[in-house]
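Below is one structure, written out as structure tokens, with a few remarks after it.
Residue numbers (my numbering), protein chains in the order written: chain A, 1 to 97; chain B, 1001 to 1233.
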């Protein structure tokens, strides 16, 4: 399941094609930084990425999820820090949906 | 408005929202209506969803239902509460009720709508403001402030989504025959009309004309704007 979600996150990254604040493409690996730090993506790009992931979840699993959600986010510490933490978080939100 | 659009009307049980739901359903669009209570509007193109615009817990399943039918093209935010009264006479709970429904609700509903619109690559968000903003109507301090807030909301959102084919505009209604007008005293209505260049009650077809323009593909560069009925600015 986690591998499926990781692939889904990679597909969303492929679609949005975000660049880091240093102007480089995001590496396709779980430990790659997404948000925060010196080499994450800018916040507007991140918005597009979140929407793309939500859309991929809907298309792939038929579930309508809201990732940036107070109720979900209070239970997690920095869920958007890396691709890996994002995938873990998506899985948890999907299981609750 | 493109034929076969999917339109969500927040505050569709009565007043302006109800009239627009009837019009757009009859025009063949797919119309979703949101309100706290049930609706007696029955039409094959209309689906009513019970939800509180100020409560995320009810909005999430409501928008999941909309998402299941495909992209959302147009949001019309007409949910509003008006509790007229001079500043020193109005209760804080009444003020809070207006702030929550008119402003917080517009923000929360917009966020959900935007998720669906970003997916579809197209969106038109249209909010109702009021002539209370340019007129600064006495007796409508909080109501006017919430509507000014809605105009700012639309303007700021237009900045955040400037790169998308998504626009945000407001329509300031002067007077429209609805339960909201009924809560005003005759004197208050007369005073409001006296301040207008065009004091006639606004009709549904006039509102539809303004909405259809903002919702059109041709208006893709018109965003963050406020249009007022009645000749005020």
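Note that the Cβ used here is the ideal one computed from N, Cα and C, for glycine as well.
Taking the Cα positions, residue 1074 of chain B is about 6 Å away from residue 1125 of chain B. Counting along the chain, no beta strand (DSSP E) covers residue 1221 of chain B, and no H or E run does either.
For residue 1087 of chain B, the closest alpha carbon among the candidates B:1224, B:1142 and B:1006 is that of B:1142. DSSP, read as helix, strand or coil, puts residue 1156 of chain B in helix. Under the three-state reduction of DSSP output, residue 1231 of chain B falls in the coil class, being neither helix nor strand. Listed in chain order, the non-local C-beta contacts of residue 40 of chain A below 7 Å within the same chain comprise 20, 21, 33 and 34, local neighbours out to five positions each way being set aside.
A distance below 7 Å separates the beta carbons of residue 49 of chain A and residue 16 of chain A. Bridge partners of residue 25 of chain A according to DSSP: A:19. Taken in chain order, the complete alpha helix (DSSP H) segments of 4 or more residues contained in the region 1131-1210 of chain B are 1132-1135, 1141-1160, 1179-1182 and 1186-1194. Not a single C-beta of chain B is nearer than 7 Å to the C-beta of residue 14 of chain A. Shown in chain order are the members of the region 61-72 of chain A whose Cβ falls below 8 Å from a Cβ of chain B: 64, 66, 69, 70 and 71.
Residue 1100 of chain B does not reach chain A, its nearest Cβ partner there being about 16 Å away, counting only Cβ pairs nearer than 7 Å.
Flagged as an interface residue toward chain B: residue 51 of chain A, by a C-beta distance shorter than 7 Å.
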